[in-house]
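Residue numbers (this note's numbering): -1 to 85.
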């Protein structure tokens, strides 16, 4: 079995960002402008077969844009191995 490219906490952050992008009818290019990066990077991040991920600077920029706390991009509780088994 192939190892996932990203840790579950990293994928969680990506999933939250995708949810916000869709909720606000934003394109990948809009997210790229918000975090000052290329649209292709956003496409890579959103492609589960690619190891690209957001860093803390990106999360902070997104939190500022959406007027939310950076904590919004993290789960309320740590992700455990048991969580991974039950999903």
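Virtual Cβ for every residue (Gly too), placed ideally from N, Cα, C. The structure presented is a predicted model; accordingly, all values stated were derived computationally and were not measured.
Query - Residues of its chain near residue 56, where Cβ-Cβ distance is below 7 Å and the 5 sequence neighbours each way are ignored - result: 33
Requested in this report: May I ask you to report which of helix, strand or coil DSSP gives residue 44?
Outcome: helix
Requested in this report: Report the three-state DSSP secondary structure of residue 50 (helix, strand or coil).
Outcome: Here residue 50 sits in coil by DSSP.
Report task. Can you give me the start and stop residues for the alpha helix (DSSP H) that residue 8 sits inside? Result -> 6 to 21
Query - Beta-carbon gap between residue 68 and residue 58 smaller than 8 Å - result: Yes, Cβ-Cβ distance for residue 68 and residue 58 is below 8 Å.
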